[in-house]
Amino acid sequence: MPATTPQLSEAKRQAAIDHVLTAARQYVCANGIDVTMDQLAEAAGVSRRTLFRMFGTRERLVATAYQIEVERYLHALPAFDGDTDAWLRATCDTAHRMHTSVGPGHFDLVARSDLPPELAALRRATRLAWQSRIADITATLWRAHGHDSPAPDVLLATVGAHLNAHFTEAVFTAVNRDWHTASALAYTAILSTMHLLAAGGNPI
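Read left to right, the sequence shown gives residues 1 to 204 (full-length UniProt numbering).
What follows is the structure in structure tokens.
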């Protein structure tokens, strides 16, 4: 029987880590960040000892799993392709469709003030990454409409508010509508603000 090569062993180890991270991410998103290592181990189908060997602490496991989710989300938002209307619609659709899977774990992370240091650091990094992405979207939209000046703060606020997971959640809980409605409302609000500002008006 051929010996296991180092490359194969590493591939198997990485596959096991990926499996654990996927299971942990799904469980945390559905149940919040106060999950225990016992619960995460059961969700992943491995022992607590295995989780501690892989990640050292519960906080590191949760932070690593959630960081992958943040990166996946930011990467999924479409790049500008020259068609402003189609790009904005696709951006709204992508954001609100993905928000349907965030669950209590996301809202725990962004809202709670009692997070352990590792998760608090993740929250700060996530907030900065999100703010940077929103600023890029806003600047792209403003430039695509023929402006060389910095985008107005009110447009930045409109984009940030209407692409936020809290907006999707509000549409779900307040008016019992789905992500399609959240996306359409976001698109309309952003574009209306854009046109009003371009005409010299101020929405607030």
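From the three backbone atoms N, C-alpha and C, an ideal C-beta is built for every residue, glycine too. Owing to the predicted nature of the structure, the values given are computational and were not obtained by experimental measurement.
Quick one: using the 10 Å Cβ neighbour count with 16 as the cut-off for buried, is residue i buried or exposed?
{"i": "Gly146", "result": "exposed"}
{"i": "Arg124", "result": "exposed"}
{"i": "Ile190", "result": "buried"}
{"i": "Ser183", "result": "buried"}
{"i": "Arg53", "result": "exposed"}
{"i": "Val175", "result": "exposed"}
Do you know how far the Cα of residue j is from the Cα of residue i?
{"i": "Ala63", "j": "Gly201", "result": "43 Å"}
{"i": "Cys92", "j": "Ile33", "result": "27 Å"}
{"i": "Tyr73", "j": "Ala199", "result": "33 Å"}
{"i": "Thr5", "j": "Leu21", "result": "24 Å"}
{"i": "Thr181", "j": "Lys12", "result": "43 Å"}
{"i": "Gly140", "j": "Thr173", "result": "Checking the sequence, you will find Thr at residue 140 rather than Gly. Taking the straight line from one Cα to the other gives about 31 Å."}
{"i": "Asp136", "j": "Trp130", "result": "10 Å"}
{"i": "Ala165", "j": "Val171", "result": "10 Å"}
{"i": "Arg89", "j": "Arg112", "result": "32 Å"}
{"i": "Arg60", "j": "Ser132", "result": "24 Å"}
Excluding five sequence neighbours on each side, which residues of the same chain lie with their C-beta closer than 7 Å to the C-beta of residue i?
{"i": "Trp87", "result": "Pro78, Phe80 and Asp81"}
{"i": "Thr94", "result": "Ala76, Leu77 and Pro78"}
{"i": "Leu155", "result": "Thr138, Trp142, Thr193, Met194 and Leu197"}
{"i": "residue 211", "result": "The requested residue 211 is not part of the displayed model; the chain covers only 1 to 204."}
{"i": "Trp179", "result": "His96, Arg97, His99, Thr100 and Thr168"}
{"i": "Arg48", "result": "Met37, Asp38 and Ala41"}
{"i": "Tyr27", "result": "Val35, Gln39, Leu40 and Ala43"}
{"i": "Ile17", "result": "Met54"}
If you measure between the beta carbons of residue i and residue j, is that distance less than 8 Å?
{"i": "Ala76", "j": "Ala24", "result": "no"}
{"i": "Thr126", "j": "Val159", "result": "no"}
{"i": "Ala15", "j": "His96", "result": "no"}
{"i": "Ile204", "j": "Leu163", "result": "no"}
{"i": "His99", "j": "Thr50", "result": "no"}
{"i": "Ala144", "j": "Thr84", "result": "yes"}
Which same chain residues end up closer than 6 Å to residue i when comparing Cβ atoms and leaving out the 5 residues on each side of it in sequence?
{"i": "Pro117", "result": "none"}
Leaving out the 5 sequence neighbours to the left and right, which residues in its chain are closer than 8 Å to residue i when beta-carbon positions are compared?
{"i": "Met1", "result": "The predicted model places Met1 with a pLDDT of 46, which falls under 50 and marks its position as unreliable; any figure quoted below should be read in that light. For Met1, where only same-chain residues beyond five positions count, there are no Cβ hits under 8 Å."}
{"i": "Leu109", "result": "Ile33, Tyr66, Leu115, Leu119, Leu122, Arg123 and Thr126"}
{"i": "Ala30", "result": "Gly103, Pro104 and Gly105"}
{"i": "Arg177", "result": "Val171"}
Any beta carbon of chain B sitting closer than 8 Å to that of residue i?
{"i": "Arg72", "result": "Given the protein chain composition of this structure (a single chain), no chain B is represented."}
| said: When you compare the segment 102 to 117 with the segment 36 to 48, are there three or more beta-carbon pairs, one atom per stretch, that lie closer than 8 Å? | reply: no
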